[in-house]
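Worksheet: the structure to be examined is printed underneath.
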Ligand code: THU
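In my numbering, the protein residues as written are 68 to 227.
Shown next, in the form of structure tokens:
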């Protein structure tokens with residue numbers, strides 16, 4: 068028997084001032100996109116924004132429905148919008164954040180499992196990594212260089 072250990076490299080920033088201007092701008096758009104959230108059931112308002120290879124930025128948010136399983140996460144919503152507007156353009160970076168009225172979210176908001184799978188599919192399709200920027204309303208900002216870092220031992224096209 069041997070044991071394998073998986074390490075995740077994460078860049079941690081204390082504030083938005085420490086970010087490169089392009090990343091700060093993208094996180095600002097994610098924060099602005101929280102306003103577009105339709106989350107009357109969970110009151111958990113998630114904003115996401117993507118930067119495409121051509122410099123274009125697109126924002127999106129979560130959309131809930133009274134039939135709960137139909138809820139659409141902000142990440143998948145914005146990735147679908149990016150694909151619809153520019154299907155052949157690589158998504159370089161996605162930024163994610165959230166607010167909720169009951170507390171100040173001070174931990175980084177990380178994509179759910181389903182969104183991680185979708186991020187991987189984008190990476191696979193363009194044979195390139197997608198950077199992920201995460202922050203709560205306040206608190207540290209995490210930057211990961213690829214969706215693969217938060218989806219180790221994943222299932223994908225190679226297994227089919
Ligand atoms: N949500 C997202 O938008 N992204 C995630 O990665 C996790 C969860 C949304 C779905 C639902 O509308 C609300 O947050 C509470 O789960």
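The beta-carbon is built from N, C-alpha and C at its ideal position, and this holds for glycine as well.
In whole angstroms, what is the alpha-carbon distance linking residue i and residue j?
i           : j           : result
residue 193 : residue 157 : 6 Å
residue 102 : residue 203 : 15 Å
residue 115 : residue 68  : 42 Å
residue 71  : residue 218 : 15 Å
residue 90  : residue 200 : 8 Å
residue 162 : residue 83  : 12 Å
residue 120 : residue 153 : 10 Å
residue 100 : residue 74  : 32 Å
What are the partner residues of residue i, as DSSP defines its beta bridges?
i           : result
residue 201 : 163 and 209
residue 78  : 210
residue 170 : 167
What residue range does the alpha helix (DSSP H) around residue i cover?
i           : result
residue 93  : 88-100
residue 180 : 180-193
residue 146 : 141-152
Counting only the same chain and skipping the five closest in sequence on each side, list residues whose C-beta sits under 8 Å from that of residue i.
i           : result
residue 105 : 128, 129, 130 and 131
Could you check where the beta strand (DSSP E) with residue i kicks off and where it finishes?
i           : result
residue 115 : 112-119
residue 126 : 124-128
Residues in its own chain within less than 7 Å of residue i by CB, not counting five upstream and five downstream?
i           : result
residue 48  : This structure leaves residue 48 out entirely; the chain is present only between 68 and 227.
residue 224 : 191
residue 183 : 214, 217 and 218
Skipping 5 residues on each side, what residues in its chain have a beta carbon closer than 6 Å to that of residue i?
i           : result
residue 81  : none
residue 118 : 93, 124, 159 and 160
residue 139 : 130
residue 172 : 165, 203 and 204
Are the beta-carbon atoms belonging to residue i and residue j less than 8 Å from one another?
i           : j           : result
residue 125 : residue 149 : yes
residue 113 : residue 147 : no
residue 212 : residue 76  : yes
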